[in-house]
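Numbering (this note's numbering), first residue to last: 869 to 1152.
Just so it is clear, CB atoms sit at the ideal spot from N, CA and C, and this is done for glycine as well.
First the structure, in the form of structure tokens, and then the observations on it.
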């Protein structure tokens, strides 16, 4: 059936499970994993182009969360260049299947260490290999999409509460930089429920720009986030390389998505994270 449901590639990863946990019942979500899992469609998108195309046929949108993070690359030995390969496989299959909308997961890491609010139109200067790999994925994805006439939107996702290095990576004895003004670094964040709602809206919108920052409005201080979660931390003097504030400009997203007043604040983010942890599949 034409325009039936949304296909989520890479649904078994942490972000994929968060999207599933709060997905709107208004739209069917078809979940994909490379390994066999109950209720999922299973295939390797890099080696089985036919299965990938078949899974896309008739979908109103496809969201590709499949990718290689630095942690996964270190553990598996898989190169970060697979981010581009996975994206290009999705673009080509979407073009063949006639998918109206393809969303590819990029990262705020493409921006680098700029101190100003990060808008989708600014020049990107990645400071990490991961950021560079994601930027190359964007460029290759756009070029291939133009060649095959496929509509595509890059989602530059910021810190996601519970999938981040602070809240999700908390451990006993964690230290945080404390800046000269007494505050801890501030970052753009989004909670699991807000992430799922935002992605659902983007998947069902009639028209989208080519790039959208995905974060709740504003920034949250790392110390405030751990304090709200009841997680202990100790202060250390920030070095000269510490970046005090990384803020994603969210005007494009806010034109499409309405956020709760506290969605980008510590208490709201922690509440969403705890609601996700209460889900039966959150730890799989």
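Can you tell me whether residue i is buried or exposed? The criterion is at least 16 other CB atoms within 10 Å of its CB, across all chains shown.
i	result
residue 881	buried
residue 1148	exposed
residue 946	exposed
residue 1018	buried
residue 1104	exposed
residue 1055	buried
residue 1115	buried
residue 869	Since pLDDT at residue 869 reaches only 43, below the 50 mark, its modelled position is unreliable, and no value is offered.
residue 1053	buried
residue 1102	exposed
residue 1090	buried
residue 977	buried
residue 1013	buried
residue 1140	buried
In terms of residue numbering, what span does the alpha helix (DSSP H) encompassing residue i cover?
i	result
residue 950	950-965
residue 944	938-944
residue 1021	Run containing residue 1021: none in the alpha helix (DSSP H); it sits in the beta strand (DSSP E), 1020-1025.
residue 971	Taken as a continuous stretch (DSSP letters only), residue 971 belongs to no alpha helix (DSSP H), being part of the beta strand (DSSP E) at 970-975.
residue 921	917-924
Only counting the same chain, and skipping five residues up and downstream in sequence, which positions put a Cβ closer than 7 Å to that of residue i?
i	result
residue 980	992, 993, 994, 995 and 999
residue 1143	1061
residue 961	917, 920, 921 and 924
residue 1042	1101
residue 887	876, 1063, 1064 and 1067
Relative to the C-alpha of residue i, which candidate in the options has its C-alpha closest?
i	options	result
residue 1125	1146, 1070, 1135 and 1107	1070
residue 982	1112, 909 and 1058	1112
residue 1016	1041, 966 and 976	966
residue 876	1146, 1106 and 1068	1068
residue 1159	1106, 1093, 997 and 1011	No statement about residue 1159 is possible, as the shown extent of the chain runs from 869 to 1152 and does not include it.
residue 1145	1031, 905, 894 and 930	1031
residue 1048	1099, 1109 and 883	1109
residue 926	892, 1141, 896 and 948	896
residue 872	1083, 940, 929 and 908	929
residue 1058	1092, 905 and 1087	1087
residue 931	1040, 901 and 1092	901
Go to residue i, then tell me how far its beta strand (DSSP E) extends in each direction, as first and last residue.
i	result
residue 982	That residue, residue 982, is in no beta strand (DSSP E); it is neither H nor E in DSSP.
residue 1147	Run containing residue 1147: none; DSSP gives neither H nor E here.
residue 874	874-877
residue 1046	1043-1046
residue 1016	Residue 1016 -> not in any beta strand (DSSP E); alpha helix (DSSP H) instead, spanning 997-1016.
residue 1072	It is not in any beta strand (DSSP E) - residue 1072 instead sits in the alpha helix (DSSP H) that spans 1060-1072.
Please go through the same chain and pick out, in chain order, the residues whose beta-carbon is closer than 6 Å to the beta-carbon of residue i, but skip the five residues on each side of it.
i	result
residue 1096	1134, 1135 and 1138
residue 950	936
Can you round the beta-carbon distance between residue i and residue j to whole angstroms, since I take them to be within the 8 Å contact cut?
i	j	result
residue 944	residue 878	About 15 Å separates the two Cβ atoms, so there is no contact after all.
residue 959	residue 970	7 Å
residue 975	residue 1024	6 Å
residue 1084	residue 1036	Actually they do not touch by this definition, with Cβ atoms about 16 Å apart.
Is the Cβ of residue i closer than 7 Å to any Cβ of chain C?
i	result
residue 1095	The displayed structure is made up of one protein chain only, and chain C is not part of it.
Which same chain residues end up closer than 8 Å to residue i when comparing Cβ atoms and leaving out the 5 residues on each side of it in sequence?
i	result
residue 1021	969, 970, 971, 972, 1070, 1076, 1077, 1078, 1079 and 1080
residue 884	876, 878, 899 and 933
residue 1117	985, 986, 987, 988 and 1081
residue 914	950, 953, 954 and 957
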